[in-house]
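Comments concern the structure below.
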Amino acid sequence: MDNPEYYINREFSAIAFNQRVLMLANDERVPLLERMRFLSICSSNLDEFFEIRVAGLKEKIALSSNKLTIDGLRPDEAFSQISHKTHHLIDQLYATFNKQLLPALRKENIHFLELDEWTDDIHLWDKTLCWNRKGLNSGF
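When we follow our numbering, the leftmost residue of the sequence shown carries the number 1266, and every step to the right adds one.
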(Lines of atoms letter the chains of each structure in order from A and count residues from 1; the text may use other names and numbers.)
(Lines give C-alpha, C1' and ligand atoms only; values in the text may rest on other atoms or scores of the structure.)
Protein backbone atom coordinates (compact mmCIF):
# COMPACT_ATOMS: atom_id res chain seq x y z
CA MET A 1 0.00 0.00 0.00
CA ASP A 2 3.03 2.30 -0.01
CA ASN A 3 3.02 2.51 -3.81
CA PRO A 4 2.10 6.08 -4.91
CA GLU A 5 0.28 4.63 -7.93
CA TYR A 6 -2.45 3.43 -5.57
CA TYR A 7 -3.33 6.98 -4.52
CA ILE A 8 -4.97 9.99 -6.12
CA ASN A 9 -3.80 13.48 -5.28
CA ARG A 10 -6.57 15.33 -3.39
CA GLU A 11 -6.02 18.51 -5.34
CA PHE A 12 -6.12 16.72 -8.69
CA SER A 13 -9.31 14.98 -7.59
CA ALA A 14 -10.90 18.34 -6.72
CA ILE A 15 -9.91 19.75 -10.12
CA ALA A 16 -11.38 16.71 -11.88
CA PHE A 17 -14.61 17.12 -9.91
CA ASN A 18 -14.88 20.74 -11.00
CA GLN A 19 -14.23 19.75 -14.60
CA ARG A 20 -17.26 17.45 -14.35
CA VAL A 21 -19.36 20.25 -12.84
CA LEU A 22 -18.29 22.54 -15.69
CA MET A 23 -19.26 19.85 -18.19
CA LEU A 24 -22.82 20.12 -16.84
CA ALA A 25 -22.70 23.89 -17.42
CA ASN A 26 -21.79 23.14 -21.05
CA ASP A 27 -24.52 20.53 -21.55
CA GLU A 28 -27.29 22.04 -23.68
CA ARG A 29 -29.71 19.34 -22.47
CA VAL A 30 -29.56 20.92 -19.00
CA PRO A 31 -31.96 23.87 -18.46
CA LEU A 32 -30.26 27.22 -18.96
CA LEU A 33 -30.51 28.56 -15.41
CA GLU A 34 -29.30 25.23 -14.04
CA ARG A 35 -26.31 25.56 -16.34
CA MET A 36 -25.62 28.97 -14.77
CA ARG A 37 -25.92 27.34 -11.36
CA PHE A 38 -23.34 24.70 -12.27
CA LEU A 39 -21.02 27.40 -13.59
CA SER A 40 -21.33 29.36 -10.34
CA ILE A 41 -20.73 26.20 -8.29
CA CYS A 42 -17.54 25.53 -10.25
CA SER A 43 -16.40 29.13 -9.82
CA SER A 44 -17.13 29.13 -6.09
CA ASN A 45 -15.36 25.79 -5.64
CA LEU A 46 -12.29 27.12 -7.44
CA ASP A 47 -12.23 30.21 -5.21
CA GLU A 48 -12.21 28.00 -2.13
CA PHE A 49 -9.68 25.64 -3.72
CA PHE A 50 -7.19 28.49 -4.17
CA GLU A 51 -7.90 30.04 -0.78
CA ILE A 52 -7.37 26.78 1.11
CA ARG A 53 -5.58 24.06 -0.81
CA VAL A 54 -3.31 26.06 -3.11
CA ALA A 55 -2.46 28.48 -0.29
CA GLY A 56 -1.42 25.53 1.87
CA LEU A 57 0.70 24.15 -0.93
CA LYS A 58 2.39 27.53 -1.47
CA GLU A 59 3.12 27.64 2.24
CA LYS A 60 4.87 24.27 2.02
CA ILE A 61 6.89 25.53 -0.95
CA ALA A 62 7.85 28.71 0.95
CA LEU A 63 9.06 26.55 3.84
CA SER A 64 11.20 24.59 1.35
CA SER A 65 9.37 21.39 2.22
CA ASN A 66 10.41 18.56 -0.08
CA LYS A 67 8.32 15.99 1.76
CA LEU A 68 6.57 13.83 -0.79
CA THR A 69 2.82 13.61 -0.69
CA ILE A 70 1.16 10.21 -0.56
CA ASP A 71 1.01 10.17 -4.36
CA GLY A 72 4.78 10.74 -4.63
CA LEU A 73 4.93 14.42 -5.61
CA ARG A 74 6.95 17.22 -4.06
CA PRO A 75 4.92 20.37 -3.27
CA ASP A 76 6.52 22.31 -6.15
CA GLU A 77 5.71 19.51 -8.60
CA ALA A 78 2.11 19.36 -7.42
CA PHE A 79 1.84 23.16 -7.65
CA SER A 80 3.14 23.17 -11.21
CA GLN A 81 0.64 20.54 -12.31
CA ILE A 82 -2.21 22.24 -10.44
CA SER A 83 -1.32 25.55 -12.08
CA HIS A 84 -1.47 24.02 -15.55
CA LYS A 85 -4.74 22.18 -14.92
CA THR A 86 -6.51 25.10 -13.26
CA HIS A 87 -5.44 27.65 -15.89
CA HIS A 88 -7.04 25.41 -18.49
CA LEU A 89 -10.16 24.93 -16.35
CA ILE A 90 -10.56 28.67 -15.73
CA ASP A 91 -10.15 29.36 -19.47
CA GLN A 92 -12.95 26.84 -20.09
CA LEU A 93 -15.10 28.44 -17.40
CA TYR A 94 -14.81 31.92 -18.96
CA ALA A 95 -15.41 30.54 -22.45
CA THR A 96 -18.53 28.74 -21.24
CA PHE A 97 -19.88 31.90 -19.65
CA ASN A 98 -18.99 34.35 -22.43
CA LYS A 99 -19.51 32.23 -25.54
CA GLN A 100 -22.35 29.93 -24.52
CA LEU A 101 -24.31 31.06 -21.50
CA LEU A 102 -24.40 34.84 -21.99
CA PRO A 103 -25.68 34.57 -25.59
CA ALA A 104 -28.25 31.95 -24.54
CA LEU A 105 -29.40 34.15 -21.66
CA ARG A 106 -29.73 37.16 -23.99
CA LYS A 107 -32.00 35.08 -26.24
CA GLU A 108 -34.21 34.57 -23.17
CA ASN A 109 -34.12 38.33 -22.49
CA ILE A 110 -31.88 37.90 -19.42
CA HIS A 111 -29.11 40.49 -19.37
CA PHE A 112 -26.06 41.26 -17.26
CA LEU A 113 -25.49 44.99 -17.13
CA GLU A 114 -22.10 46.60 -16.78
CA LEU A 115 -21.92 49.09 -13.91
CA ASP A 116 -21.85 52.03 -16.33
CA GLU A 117 -25.14 50.78 -17.81
CA TRP A 118 -26.99 51.03 -14.49
CA THR A 119 -29.77 53.60 -14.27
CA ASP A 120 -30.34 55.76 -11.20
CA ASP A 121 -33.23 53.45 -10.25
CA ILE A 122 -30.94 50.41 -10.33
CA HIS A 123 -28.36 52.18 -8.15
CA LEU A 124 -31.10 53.10 -5.66
CA TRP A 125 -32.45 49.53 -5.66
CA ASP A 126 -28.93 48.19 -5.06
CA LYS A 127 -28.29 50.54 -2.14
CA THR A 128 -31.67 49.71 -0.60
CA LEU A 129 -31.13 45.98 -1.01
CA CYS A 130 -27.65 46.09 0.54
CA TRP A 131 -28.83 48.16 3.50
CA ASN A 132 -31.83 45.89 4.08
CA ARG A 133 -29.70 42.75 3.98
CA LYS A 134 -27.47 44.19 6.67
CA GLY A 135 -30.56 44.90 8.78
CA LEU A 136 -29.93 48.63 8.74
CA ASN A 137 -32.36 51.43 8.06
CA SER A 138 -31.40 52.71 4.64
CA GLY A 139 -32.85 56.18 5.18
CA PHE A 140 -34.48 56.11 1.73
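From the three backbone atoms N, C-alpha and C, an ideal C-beta is built for every residue, glycine too. Just so you know, these numbers come straight off a predicted model, no measurement behind them.
Of the other Cβ atoms in all chains shown, 16 or more fall within 10 Å of the Cβ of residue 1280; this residue is therefore buried. Cβ-Cβ distances below 7 Å link residue 1325 to 1340 in the same chain, with the five nearest sequence neighbours on each side left out; the list follows chain order. With a minimum length of 3 residues, there is no unbroken run of beta strand (DSSP E) contained wholly in the region 1358-1382. Short of 6 Å from the beta carbon of residue 1306, and not among the five residues preceding or following it, lie these beta carbons of its own chain, in chain order: 1286.
C-alpha of residue 1320 to C-alpha of residue 1357: approximately 22 Å in a straight line.
Assigned with DSSP and collapsed to three states, residue 1272 falls in coil, not helix or strand. When Cβ pairs closer than 8 Å are counted between the two stretches, the region 1345-1363 is seen not to touch the region 1383-1400, the count staying below three. The DSSP-derived three-state label of residue 1341 is helix.
Nearest to residue 1298 by alpha-carbon distance, out of 1390, 1382, 1378, 1362, is 1362. C-alpha of residue 1318 to C-alpha of residue 1277: approximately 11 Å in a straight line.
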